[in-house]
Amino acid sequence: MATFKPKFLKPETDDAIADAGGGQEPQSSAFVFNANHNLGLVEQRERLPIRKYRDQILYCLEHHQVVILVGETGSGKSTQVPQYLYEWGWHSKGMIGITEPRRVSTVTLANRVAQERGELVGDTVGYVVRFLERISSETQIKFMTEGILLRELLADPLLTQYGVIIVDEAHERNMLTDMVLGLLKKILRKRSNLKLIISSATIDASFFSEFFSWPGADSDHPLSVKLSIEGRMHAVSHFYLNEPCADYVRETVETVWKLHQKESLGDILAFLTGQEEVLEALDLLREYIAGAEMTNLKVLPMYGSMTSSDQLAVFFTPPKGVRKVVLATNIAETSITIPGIVYVIDCGYVKVKWYNPATCSDSLVVVPVSKASAVQRAGRAGRVRPGKVYRLYTKQDYDALAPRQPPEMRRSEMSGAVLQLKALGIGNILRFDFPSPPPAKNLLSALETLYALDAIDEQGQLTRPVGFLLAELPFSAMLSKMLYVSGQMGCAEEIITIIAMLQVQSVFSRPASAAAQQSGRIAHRHFEVAEGDLITLLNIYSAFVEEGMTKEFCGQYYLIYRNLKRACELREQLLTLARKKYGIAIFSCKGDVEMLCKCITAGFFTQVAYLHHSGVYRQISSGTELAIHPNSTLYTLPQAQYVVYSELLQTTKLFMNHVTVIKKEWLTELAPHYYQQTTVRD
DNA sequence: GAGCACTGC
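So the first sequence is residues 320 to 1001, counted in the numbering used here.
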């Protein structure tokens, strides 16, 4: 095999991705590895492992309504199966729709398939992701994100345009994947001519085939069939510790060190759970390197809140004779593929968010990885040549790992999902056939929230206009309510900006060096105001626009350009949506900050804390002690009497995030129904 | 003076 060099995508692909995400910057995940890049496209297609299963796949689809394709990465199923179906004429029965969990892979796959067919994307092969679509009346193979399919369901509940739906990467079990699968099950019972292909990892195949079966089905002709496809991964040898280790950050560093001394050249990828651990390991390893005056080892961090230009560093091939070590969070498990990796170090832990309906908060906890994750991490070593994985736990610990992480649906706040299902006519949410039903408490807590927001009535029916509006808006129920009220108050322009800023990943960059972190903090103060974090975000956005939306501005103030750009796009879309589709009047409050804070209160009145005389905040509804998150603007300011927050996060304490100062009398003014109830209860 | 993994309409 030829020596690997990272390759950019074709020019038109780059454009598409730049449009989708980060302006002129190439997105980190836009890099693809293609070992056969010097072969013609036809030969490449013929060489893919999946080629010899083509007839089998087509046969299975003729005879079963659901086909579960079990295959490792690298089999080519995402690009080839849609083409096999098309070449066999399946498109005559309706479009071939393929859902993907991520935007970038949706665009990349569509471009790749169009290219293999010698066409431009947008003809036979098209794609739709939020903000961006390339489809025409000719389009028969349509790639889309899961969220898009869900939106289409609102307009066409039986998906009558489609003959086949392929749900790719279903094993990831995102919230939206599970929503789509649950709804597709309903549709399949009503439309026997609709076919479904699920692409899954080995351990989930039986789960899916059990889910897609129902009583009364003919046992000679089961509804679903499993089909396994070999991948094209190299062998990966596994190494375990003999004894459990006490400190996996230190162990990671020592493993890198030993490995570097005794193993042949090849890059190393180490998985840790968070930014803090990555930076700690980075420091330690650099000390080792400095101490030994080593010159042939290059260490790089990789986590979500680095700027794109810093992230890009991990994609370059190191100079000859130098080994690259990437210390990464879970971002390297699915979202990005780092080229050249031969050795993987897996610390055995992962950070997960877990919703707690009792306090309506998320907990952020470090837990042992699942077997599925451990396998996925190990697989990152086998993409170039046979690799090695060093697991920083014992074989016994590995054997005892849970087969997989509970799906997102079982550990998330549900109000958005409940609204969507209600809008699709699912009356009794508690009886909806979810692939993995969420805890009843989570559903009940969501119903309570929606009732408080006046989105559903006592019978659980969507209200008009509020409920239907909230169901259609593409963000959380509380933000939607805030937008609705802003139209009436006359401050929708600013509120839309705030919503856009809350929807994107943090705009505050977190550099790796301590000195830069300090400068960042000081730079961020520039935008801070006493009213709190939401108004601060509004200031940042306004300054970004005023200064010409440049990367230089972001660099100067330690802001993440790609996230601000995305906020900008979101804002544009929301403005159009709000004005044209929902008839929300777009006015500016012209600097009336109090109006904005009232409007924020109208959305978040269920999430209020008051300052107890003991000097700590308490949740108004339950009396639970809360603290202001150290990342909040209000952390260093004198404590206000009443605040609303948009998020509660349990780590060492129960922290309020995105906090806004309010006045007590606004609560009874804006939410009299709710505040009478709670005062009685108290 | 504590610390946010990741994705999506």
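Every residue gets a Cβ at the ideal spot worked out from N, C-alpha and C, and that includes glycine.
Because the structure is a prediction, the values reported are computed rather than measured.
Per DSSP, reduced to three states, the secondary structure at residue 845 is coil, with no helix or strand assignment. Ranked by Cα distance from residue 681, the first of 713, 733, 663, 549 is 733. In the same chain as residue 687, and ignoring 5 residues on each side of it, the C-beta atoms closer than 7 Å to its own belong to 667, 668, 720, in chain order. Taking 4 residues as the minimum length, the alpha helix (DSSP H) runs contained wholly in the stretch 829–905 are 833–844, 852–865, 870–875, 880–895, in order along the chain. According to DSSP, residue pairing for residue 415 in a beta bridge involves 460, 483. One Cα belongs to residue 869, the other to residue 633, and the distance between them is close to 24 Å. The straight-line gap separating the alpha-carbon atoms of residue 777 and residue 707 is approximately 58 Å. For the pair of segments examined, the stretch 690–702 was found to touch the stretch 645–663: the number of CB pairs separated by less than 8 Å reaches three. Taking a 10 Å sphere around the C-beta of residue 561, we find fewer than 16 other C-beta atoms and assign the residue as exposed. Around the beta carbon of residue 867, a 10 Å sphere encloses fewer than 16 other beta carbons of the protein chains shown; the residue is thus reported as exposed. In this structure, DSSP gives residue 919 a helical state, which the three-state scheme calls helix. Residue burial is scored here from C-beta neighbours: residue 371 has fewer than 16 other C-beta atoms within 10 angstroms and is therefore classed as exposed. Using a Cβ distance threshold of 8 Å, residue 924 and residue 965 do not count as a contacting pair. Straight through space, the alpha carbons of residue 883 and residue 450 are spaced by roughly 15 Å. Within the stretch 624–694, complete beta strand (DSSP E) segments of at least 3 residues are found at 642–647, 660–665, 668–675, 680–687, given in chain order. Straight-line measurement puts the Cα of residue 768 at about 22 Å from the Cα of residue 807. A distance below 8 Å between beta-carbons, with the five flanking residues on each side excluded, links residue 835 to the following residues of its chain, in chain order: 877. Counting of Cβ neighbours within 10 angstroms places residue 453 among the buried residues, the total reaching 16 or more. Residue 412 and residue 546 have their C-alpha atoms some 23 Å from each other. Contact between the stretch 854–868 and the stretch 774–790 is absent: fewer than 3 CB-CB pairs across the two stretches fall below 8 Å. DSSP, read as helix, strand or coil, puts residue 512 in coil.
According to DSSP, residue 914 shares a beta bridge with no other residue.
Taking a C-beta distance under 8 Å as the contact criterion, residue 388 and residue 548 qualify as a contact pair. DSSP, reduced to helix, strand and coil, places residue 455 outside both helices and strands of the structure shown, so it counts as coil. In this structure, the CA atom of residue 662 is about 10 Å from the CA atom of residue 584. The stretch 736–753 makes no contact with the stretch 608–622: fewer than 3 CB pairs, one atom from each, lie closer than 8 Å.
Of the other Cβ atoms in all chains shown, fewer than 16 fall within 10 Å of the Cβ of residue 970; this residue is therefore exposed. For residue 707, the enclosing beta strand (DSSP E) covers residues 706–710. For residue 440, the secondary structure class from DSSP, reduced to helix, strand or coil, is coil.
Inclusion of residue 739 and residue 494 in the CB contact set at 8 Å is not warranted, their separation being larger than that value.
Between residue 926 and the set 591, 943, 643, 933, the nearest pair of CA atoms involves 943. Ranked by how close their Cα comes to the Cα of residue 975, the residues 852, 893, 875 have 852 in first place. For residue 808, the enclosing alpha helix (DSSP H) begins and ends at 796–808. Close CB contacts of residue 431 within its chain, under the 7 Å cut and outside five residues either way in sequence, are with 398 (chain order). Beta-bridge analysis with DSSP links residue 445 to 461. For residue 607, the uninterrupted alpha helix (DSSP H) run begins and ends at 594–611, by DSSP.
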